[in-house]
Amino acid sequence: MQENPPLKRTVFSETAFSKIALILSELLKRSQARLVVFADMNGYPIVHRGDIKAQSLSALTALAAGSFAASGEIARLINNESRFRFIYQEGGVYHTYTCSVGDDYFLIVLFEKQVALGLIRLLTHQALLRISSYIRELQQTSEQAKSFLDYEFRGVLSRQLDDKLRARSGS
Numbered sequence: 184m185q186e187n188p189p190l191k192r193t194v195f196s197e198t199a200f201s202k203i204a205l206i207l208s209e210l211l212k213r214s215q216a217r218l219v220v221f222a223d224m225n226g227y228p229i230v231h232r233g234d235i236k237a238q239s240l241s242a243l244t245a246l247a248a249g250s251f252a253a254s255g256e257i258a259r260l261i262n263n264e265s266r267f268r269f270i271y272q273e274g275g276v277y278h279t280y281t282c283s284v285g286d287d288y289f290l291i292v293l294f295e296k297q298v299a300l301g302l303i304r305l306l307t308h309q310a311l312l313r314i315s316s317y318i319r320e321l322q323q324t325s326e327q328a329k330s331f332l333d334y335e336f337r338g339v340l341s342r343q344l345d346d347k348l349r350a351r352s353g354s
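In my numbering, the protein residues as written are 184 to 354.
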């Protein structure tokens with residue numbers, strides 16, 4: 184089994200959290216789903232809308248992350264160029280539709296069997312595009328801030344080293 188590199192962890196501000204939560208709320212309402220969850224590929228639930236107990240939420244996201252890991256291995260075994268992006272599970276009463284959001288996150292939609300899969304797919308795809316775009320913006324902003332801080336840190340460090348060396352050579 185191929186080992187995956189550790190996931191990058193994005194820290195979401197309250198504003199980012201609220202924006203993603205709003206997208207999930209809209210998806211929940213428009214799709215008539217019972218539950219919508221945004222989680223990272225480690226299985227950590229980040230934002231959810233709908234009814235579920237906290238303990239069940241953690242178990243659901245951990246199992247979904249495991250499903251993505253397993254489907255990634257299946258994709259690799261059959262020489263698929265990339266991992267599968269969607270997992271659909273059909274049950275007697277409820278179905279789940281899970282899709283990757285970039286490389287680090289996924290979205291779970293739990294819905295009753297009376298709701299059309301086509302509707303779920305369409306609305307989930309729209310939400311996925313919005314969340315993906317927003318996460319890219321956050322990551323670019325984070326990289327720009329990091330580059331700026333790296334530049335500033337190098338400047339401060341260089342000045343302090345120069346000052347220390349001057350002080351030592353002057354004494």
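Note that the Cβ used here is the ideal one computed from N, Cα and C, for glycine as well. Note that the structure is predicted; figures quoted are calculated from it, not measured.
Own chain, CB closer than 6 Å to residue i, minus 5 neighbours either side, in chain order
i, result
"residue 226", "244, 245, 248"
Cβ-based burial, residue i [other Cβ within 10 Å; buried from 16]
i, result
"residue 205", "exposed"
"residue 314", "buried"
"residue 255", "buried"
"residue 299", "exposed"
"residue 200", "exposed"
"residue 218", "buried"
"residue 207", "buried"
Length of the line joining the Cα atoms of residue i and residue j
i, j, result
"residue 303", "residue 324", "31 Å"
"residue 210", "residue 261", "33 Å"
"residue 230", "residue 221", "5 Å"
"residue 259", "residue 294", "30 Å"
"residue 307", "residue 301", "10 Å"
"residue 316", "residue 269", "18 Å"
"residue 348", "residue 195", "41 Å"
Selected residue, minimal CA-CA separation from residue i, among the options
i, options, result
"residue 202", "349, 345, 228, 321", "321"
"residue 282", "214, 310, 217, 344", "310"
"residue 296", "197, 196, 195, 216", "216"
"residue 214", "312, 305, 345, 341", "305"
"residue 290", "250, 350, 351", "250"
"residue 267", "228, 252, 274", "252"
"residue 212", "196, 265, 233", "233"
"residue 265", "274, 276, 286, 275", "286"
Residues near residue i by beta carbon distance below 8 Å, same chain, minus five either side
i, result
"residue 184", "Its pLDDT being 47, under 50, residue 184 is placed unreliably by the model, and the measurement read from it follows with that caveat. Cβ within range, chain order: 256."
"residue 274", "296"
Sub-8 Å separation of residue i and residue j beta-carbons
i, j, result
"residue 223", "residue 288", "yes"
"residue 318", "residue 292", "no"
"residue 228", "residue 241", "yes"
Contacting residues, own chain, Cβ-Cβ under 7 Å from residue i (five flanking each side not counted)
i, result
"residue 183", "With the chain covering 184 to 354 only, the question about residue 183 has no answer from this structure."
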